[in-house]
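In order, the protein sequences belong to chains A and B.
Following the working numbering, the numbering of the first sequence begins with 2 at its first residue and continues without gaps.
Following the working numbering, the numbering of the second sequence begins with 2 at its first residue and continues without gaps.
Ideal placement from N, C-alpha and C gives every residue a C-beta, glycine not left out.
There are 2 protein chains.
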Amino acid sequence: MPSQPRTVKHQPGPRRRHGLTREQIAKAALDLIDAEGLDGLTMQRLAGSLGIGTMTLYGYFRSKDELLDAVIDAASEPEGSFTRQGPWREQLAELVRLNYRRLVRHPALVQIRLRRPILRPRSLRFGETILAILHEAGFGAEEAAGAFRLIFTYVFGYAALSPQQTVEEQRRETAAAIALLPPEQYPHLTDTANEVSMAMAGENQFEYGLQRVLDGVEAAHGRQVAG
Amino acid sequence: MPSQPRTVKHQPGPRRRHGLTREQIAKAALDLIDAEGLDGLTMQRLAGSLGIGTMTLYGYFRSKDELLDAVIDAASEPEGSFTRQGPWREQLAELVRLNYRRLVRHPALVQIRLRRPILRPRSLRFGETILAILHEAGFGAEEAAGAFRLIFTYVFGYAALSPQQTVEEQRRETAAAIALLPPEQYPHLTDTANEVSMAMAGENQFEYGLQRVLDGVEAAHGRQVAG
DNA sequence: ACCTGAACACCGTTCAAGT
DNA sequence: ACCTGAACACCGTTCAAGT
C-alpha cells in the first residue's frame with residue numbers, strides 16, 4: 002500500500018543532528034538510482050554516501066519503499082516549459098516528449114514503476130493534462146481513457162525497453178545476434194539487419210512511434226465523430 | 002554478453018547422478034519466476050525445489066545469467082497455432098495477440114527482458130515473422146523496422162506495465178488514488194475516475210491499443226504509397 | 001566425474017544500546 | 001530525542017573437500 006509522505010516530526014528548523022531533510026536524502030537516492038540503477042540503491046550505500054549510519058535513514062523513512070515514494074516525488078517536478086498551444090495533436094505530442102525526456106533524465110522513475118504503479122498526485126498531473134487536452138478535442142470519457150492508457154504504455158514502455166547501454170553498444174549487440182542466425186531461416190531479419198539494429202536503439206525512433214500512436218488515436222476519433 | 006547454450010558434457014544418456022537435464026532445471030526455474038516473480042528465483046530456492054545442493058546447479062549453468070538464457074528458451078516454444086492468413090493487418094494482429102498471451106502466461110519473459118535485451122534465435126522468430134508480413138505488404142526496410150520497433154514496444158510495454166496484482170485490486174487502487182486528489186486541481190481525472198480505472202487494468206484494453214497502433218502503421222504506409 | 005558444505009561479501013530490517 | 005553497531009535471515013558465487 003502507498004505510504005503517505007508525512008514527516009516524522011513537524012519541526013520547522015533542522016533540529017536533527019545532521020541537519021538533513023527527507024528531500025535531501027531523496028535527492029541523493031535519486032542520483033544513486035539514476036547513476037547505477039535500482040539495484041545500486043541500498044540503504045547501506047545511501048547512508049555511506051551521506052556520511053551517516055545506515056540505521057539513521059530509518060529515522061526519516063519507515064522503509065525503503067517509503068524512501069522510493071520520496072524519490073518519485075523528487076523526480077516529478079512539474080514541467081515548467083509546457084504551455085498548451087496549437088491543435089490537440091501537437092499539444093499531446095509536446096507533453097509526451099517532455100515527459101519522455103524526464104524519463105530519460107531519471108531512469109529511476111521507470112525502474113520504480115516497473116515494480117509497482119506510481120499513483121502520487123504529482124505524477125498524476127501527466128494523466129490529468131492528457132485528459133484535459135482530449136476532452137477539449139471532443140473525446141468522450143471512455144475514448145479518452147483508452148487513448149491515455151495507450152499513450153502511457155508507449156512512453157513508459159519505450160523508456161523501459163531502452164537499454165542502459167549506449168546506443169552504439171546496443172546496435173552492435175543486435176547486429177551481432179542477427180549475424181549469428183542462419184540466413185535461410187531468418188531471411189528478412191538478415192536482409193534488414195542494418196535497419197533493425199538502427200530501429201532498436203536511439204531516441205529518434207521514439208518520435209516515429211509517437212506519431213504512429215497519434216495517427217491511430219486521431220483515426221479512431223475521426224471514425225467516431227463521422228460514425 | 003550473451004552466453005551460448007552449450008552443454009557441459011556431450012553425453013546422450015543421463016550419466017549425471019540426479020538424472021537432471023538443463024531443460025528440466027530451466028523449466029523448474031521458469032515455473033518459479035512465473036509464480037513468484039524474478040526475485041523469487043534464487044539459486045538456493047531452485048536447488049531446494051529440485052532436492053539438490055545449491056552448488057550442483059553450477060555444474061549445469063556457469064552462472065545465474067546463463068540459467069536465465071535457458072529459461073527464456075523454455076518459455077519461447079514456437080507458436081504452433083499461427084498460420085499466416087488474410088490481409089497483412091489481420092496477420093499482424095493475430096501474431097501479436099499470440100505473443101501477448103505468451104507474455105501473460107510467462108511473466109518471466111517480461112521481467113528478464115527488462116533487465117537486458119533478449120536476442121536468442123527462438124525469440125527473434127517474432128521479429129522475423131513481423132518483417133516477413135510487412136515485406137509482403139510492400140513496406141520498405143526502414144519503414145518495416147520502425148513498425149516492428151513500435152509493435153514490439155507496445156506488446157512488451159503493455160505486459161511490463163500491467164500489474165502483478167489482480168485486475169480488481171488494481172482498479173480499486175487507481176480509483177482510491179484518484180479519490181484522494183483535490184477535484185479542483187484534477188477535474189478531468191476526478192470526472193472520469195471510473196473510465197480511467199477501467200482502462201488502467203484488464204486485458205480488453207490491450208486489443209484497443211493494438212488496433213490504434215495498427216491504424217497508425219497503416220495510415221503511414223498509405224501516405225508512403227500515395228506520396 | 002560429479003556433487004556439495006562452508007565461507008565471503010553483500011542485502012533490508014529488528015533490536016538494543018549508545019549519546 | 002536522535003543516532004547507530006551488532007545481529008538475523010537472506011543473496012550469488014568461490015573454494016576446497018567430499019564420494
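When the Cα atoms are used, what is the spatial distance from R7 of chain A to G223 of chain A?
Taking the first sequence and counting its residues from 1, the one referred to as residue 7 of chain A is at position 6. Taking the first sequence and counting its residues from 1, the one referred to as residue 223 of chain A is at position 222. Low confidence applies to R7 of chain A: its pLDDT is 36, below 50, so where it sits in the model is not reliable, and the reading given next is rough at best. Going by the C-alpha atoms only, they are around 46 Å apart.
Just the C-alpha distance for L110 of chain A and E185 of chain A, rounded to the nearest angstrom, thanks.
Locating residue 110 of chain A in the first sequence gives position 109, counting from the first residue. Locating residue 185 of chain A in the first sequence gives position 184, counting from the first residue. Roughly 42 Å separates the two Cα atoms.
Looking at chain B, is there any beta carbon in it that lies within less than 8 Å of the beta carbon of A221 of chain A?
Within the first sequence, residue 221 of chain A is the residue found at index 220, counting from 1. Yes, contact with chain B.
Round the Cβ separation of Y155 of chain B and Y155 of chain A to the nearest angstrom and send it over; I've been treating them as touching at under 8 Å.
Numbered from its first residue, the second sequence carries residue 155 of chain B at position 154. Numbered from its first residue, the first sequence carries residue 155 of chain A at position 154. Between Y155 of chain A and Y155 of chain B the Cβ distance is about 7 Å, and since that is below 8 Å, they are a contact.
If you compare alpha carbons, which of A:I34, A:G49, A:Y59, A:G52 is closest to R23 of chain A?
As a first step, residue 23 of chain A must be located in the first sequence, where it is residue number 22. Closest by alpha carbon: A:Y59.
When the Cα of R103 of chain A is compared with those of A:G139, A:P79, A:R46, A:L162, which residue comes out closest?
For the purposes of this step, residue 103 of chain A is identified with residue 102 of the first sequence, where counting begins at 1. The shortest C-alpha to C-alpha distance from R103 of chain A to any of A:G139, A:P79, A:R46, A:L162 is the one to A:P79.
Sequence-distant residues of the same chain with beta carbon closer than 8 Å to Q166 of chain A, five excluded per side:
Along the first sequence, one-based indexing puts residue 166 of chain A at 165. Correct list, in chain order: E174.
Have a look at A:A138, A:F207, A:M199, A:H189 and flag the residue whose alpha-carbon is nearest the alpha-carbon of Q86 of chain A.
Against the first sequence, residue 86 of chain A aligns to sequence position 85. Taking only the C-alpha atoms, the option nearest Q86 of chain A is A:A138.
Would you call G49 of chain B buried or exposed, if buried means 16 or more other Cβ atoms sit within 10 Å of its Cβ?
Position 48 of the second sequence, counting from 1, holds the residue named residue 49 of chain B. Classification for G49 of chain B: exposed.
Contact check, R150 of chain A vs G128 of chain B, beta carbons under 8 Å
If you number the first sequence from 1, residue 150 of chain A lands on position 149. If you number the second sequence from 1, residue 128 of chain B lands on position 127. Going by C-beta atoms, R150 of chain A is not nearer than 8 Å to G128 of chain B.
Please determine, among A:V218, A:E37, A:A221, the residue with the shortest C-alpha to C-alpha distance to Q112 of chain A.
Numbered from its first residue, the first sequence carries residue 112 of chain A at position 111. It is A:E37.
Looking only at C-alpha atoms, which of A:S77, A:G217, A:N100 sits nearest to R90 of chain A?
Here residue 90 of chain A is taken as the residue at index 89 of the first sequence, counted from 1. R90 of chain A has its Cα closest to that of A:G217, out of A:S77, A:G217, A:N100.
What residue from A:L190, A:S77, A:V105 has the CA that sits closest to A161 of chain A's CA?
Here residue 161 of chain A refers to the residue found at position 160 when the first sequence is read from its first residue. The residue from A:L190, A:S77, A:V105 with its alpha-carbon nearest to that of A161 of chain A is A:V105.
Do L31 of chain A and H107 of chain A have their C-beta atoms within less than 8 Å of each other?
Along the first sequence, one-based indexing puts residue 31 of chain A at 30. Along the first sequence, one-based indexing puts residue 107 of chain A at 106. A contact, by the Cβ cut-off of 8 Å.
Flag I179 of chain B as yes when its Cβ comes closer than 7 Å to any non-hydrogen atom of the ligand GDP, and as no otherwise.
The ligand content of the structure shown is nil, which means the ligand GDP is not present either.
Using three-state DSSP, classify E174 of chain A as helix, strand or coil.
Translated into positions along the first sequence, residue 174 of chain A becomes position 173. DSSP places E174 of chain A in helix when its eight states are reduced to three.
Just to make sure I have the definition right: I need the residues of chain B whose C-beta is within less than 7 Å of the C-beta of M201 of chain A. Which are they?
Here residue 201 of chain A refers to the residue found at position 200 when the first sequence is read from its first residue. Result: R150.
Do G158 of chain A and F62 of chain B have their C-beta atoms closer together than 8 Å?
Within the first sequence, the letter at position 157 stands for residue 158 of chain A. Within the second sequence, the letter at position 61 stands for residue 62 of chain B. Going by C-beta atoms, G158 of chain A is not nearer than 8 Å to F62 of chain B.
Suppose you measure from the CA of S124 of chain B to the CA of V214 of chain A; what does that come to, to the nearest Å?
The sequence position of residue 124 of chain B within the second sequence is 123, counting from 1. The sequence position of residue 214 of chain A within the first sequence is 213, counting from 1. Answer to the nearest angstrom: the Cα atoms are 25 Å apart.
Given a cut-off of 8 Å, decide if L33 of chain B and L42 of chain B are closer than it, judged by their beta-carbon atoms.
Along the second sequence, one-based indexing puts residue 42 of chain B at 41. Along the second sequence, one-based indexing puts residue 33 of chain B at 32. Yes, the pair counts as a contact, with Cβ atoms nearer than the cut-off.
Please state whether DSSP places L104 of chain B in a helix, a strand or coil.
Here residue 104 of chain B corresponds to residue number 103 of the second sequence, with the count starting at 1. Helix at L104 of chain B.
Using a threshold of 8 Å, state whether the C-beta atoms of Q225 of chain A and E144 of chain A are closer than that.
As a position in the first sequence, residue 225 of chain A is number 224, starting the count at 1. As a position in the first sequence, residue 144 of chain A is number 143, starting the count at 1. Yes; because the gap between Cβ atoms is below 8 Å, this pair is in contact.
Rounded separation between E208 of chain A and A177 of chain A - CA only:
Within the first sequence, the letter at position 207 stands for residue 208 of chain A. Within the first sequence, the letter at position 176 stands for residue 177 of chain A. Cα to Cα, the separation comes out at about 26 Å.
Is the shortest distance between the beta-carbon of G60 of chain A and the beta-carbons of chain B less than 8 Å?
Within the first sequence, numbered from 1, the residue matching residue 60 of chain A stands at position 59. Answer no: the Cβ-Cβ gap between G60 of chain A and chain B never drops below 8 Å.
Going straight from the alpha carbon of L181 of chain A to that of Q92 of chain B, what length do you get?
Taking the first residue of the first sequence as position 1, residue 181 of chain A is located at position 180. Taking the first residue of the second sequence as position 1, residue 92 of chain B is located at position 91. Roughly 27 Å separates the two Cα atoms.
Helix, strand or coil: how does DSSP classify S198 of chain B here?
As a first step, residue 198 of chain B is located in the second sequence; it is residue number 197 there, counting from the start. Here S198 of chain B sits in helix by DSSP.
Does any CB atom of chain B fall closer than 8 Å to the CB of P6 of chain A?
Residue numbering aside, residue 6 of chain A sits at position 5 when the first sequence is read from its first letter. Residue confidence for P6 of chain A is low, a pLDDT of 37 falling below 50, so the modelled location carries little weight; the figure read from the coordinates is stated next. Chain B has no Cβ within less than 8 Å of the Cβ of P6 of chain A.
Assuming T193 of chain A and A146 of chain B are in contact, meaning their beta carbons sit under 8 Å apart, how far apart are those beta carbons, in whole angstroms?
Position 192 of the first sequence, counted from the start, is the residue given in the question as residue 193 of chain A. Position 145 of the second sequence, counted from the start, is the residue given in the question as residue 146 of chain B. Right, their Cβ atoms sit about 6 Å apart.
Flag F83 of chain A as yes if its beta-carbon sits less than 8 Å from any beta-carbon of chain B, otherwise no.
The residue labelled residue 83 of chain A in the question sits at position 82 within the first sequence. So, not an interface residue.
Compare the C-beta of V97 of chain B against all C-beta atoms of chain A and say whether one is closer than 8 Å.
Here residue 97 of chain B is taken as the residue at index 96 of the second sequence, counted from 1. Taking Cβ atoms only, chain A never reaches closer than 8 Å to V97 of chain B, which makes this a no.
Would a check of beta-carbon distances place Q206 of chain B closer than 8 Å to chain A?
Along the second sequence, read from residue 1 onward, the residue named residue 206 of chain B stands at position 205. Judged by the 8 Å Cβ criterion, Q206 of chain B is in contact with chain A.
Which of the three DSSP states is assigned to G60 of chain B in this structure?
The sequence position of residue 60 of chain B within the second sequence is 59, counting from 1. G60 of chain B falls in the helix class under three-state DSSP.
With a 10 Å radius around its C-beta and 16 neighbouring C-beta atoms as the bar for buried, classify S198 of chain A as buried or exposed.
Here the question's residue 198 of chain A lines up with position 197 in the first sequence. The residue in question, S198 of chain A, is buried, as its Cβ has 16 or more Cβ neighbours within 10 Å.
Using a Cβ cut-off of 8 Å, pull out every chain A residue sitting near D35 of chain B, in sequence order please.
Mapped onto the second sequence, residue 35 of chain B falls at position 34. Against chain A, a Cβ distance below 8 Å from D35 of chain B picks out nothing, because the smallest value is about 17 Å.
Please classify E219 of chain A: is it buried, with 16 or more other beta-carbons within 10 angstroms of its beta-carbon, or exposed?
Working through the first sequence from its first residue, we reach residue 219 of chain A at position 218. Buried, since its Cβ has 16 or more Cβ neighbours within 10 Å.
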